[in-house]
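Following: one structure in structure tokens, then a few remarks.
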Amino acid sequence: MPPPRLVELECPRCRGRHWVIDADFRAAFMAGGVDVDYDQREYQCRVCGQQGIGHKVLQKSPPTFLIDLGRVGTSSLPYWEAVLKEQFPDHSKVATSKSIHRTAVKRRWWRFW
Ligand SMILES: [Zn+2]
């Protein structure tokens with residue numbers, strides 16, 4: 109079963125960026141979920157509030173990241189941990205990972221707003 113991943117999406121209306129946790133194959137992730145590509149899924153934009161399809165995937169975490177932090181290459185691990193902590197501070201992995209870095213993710217996407 110494909111694990112859920114951190115996915116950064118771009119809103120088709122305002123180009124705002126936001127993160128979700130979702131799986132490449134949703135049917136396995138959510139019971140009854142329909143297996144469609146990300147751009148055919150409905151998400152609500154956190155920037156402009158519009159709900160709908162057409163979001164573009166900008167980044168996806170490594171497939172094993174939310175399952176086993178230790179299996180992610182060490183070079184990219186701090187980045188994804190920082191994303192997780194900043195975007196999903198209540199996620200169970202944040203509490204269990206001792207290595208989560210306290211520094212915020214470099215907010216390079218902010219310059220597009
Ligand atoms: Zn938007």
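Numbering (the working numbering), first residue to last: 109 to 221.
Where is the CB? At the ideal position from N, CA and C, for every residue including glycine.
Under 8 Å between C-beta atoms of Pro111 and Leu174: yes
Cβ neighbour criterion (16 or more within 10 Å) applied to Ser169: buried
Same chain only: Cβ atoms within 6 Å of Arg123, ignoring 5 sequence neighbours per side: none
Strand pairing of Arg113, partner residues [DSSP]: Asp130
For Val128 and Leu166, the rounded distance between their alpha carbons: 11 Å
Start-end ranges of the alpha helix (DSSP H) lying completely within the stretch 146 to 183, minimum 4 residues: none
Rounded distance between the beta-carbons of Val155 and Cys119, thought under 8 Å: 6 Å
Arg121: CB within 7 Å of a non-hydrogen atom of ligand 1: yes
Gln158: CB within 7 Å of a non-hydrogen atom of ligand 1: yes
Proximity below 8 Å, CB of Cys153 to CB of Arg113: no
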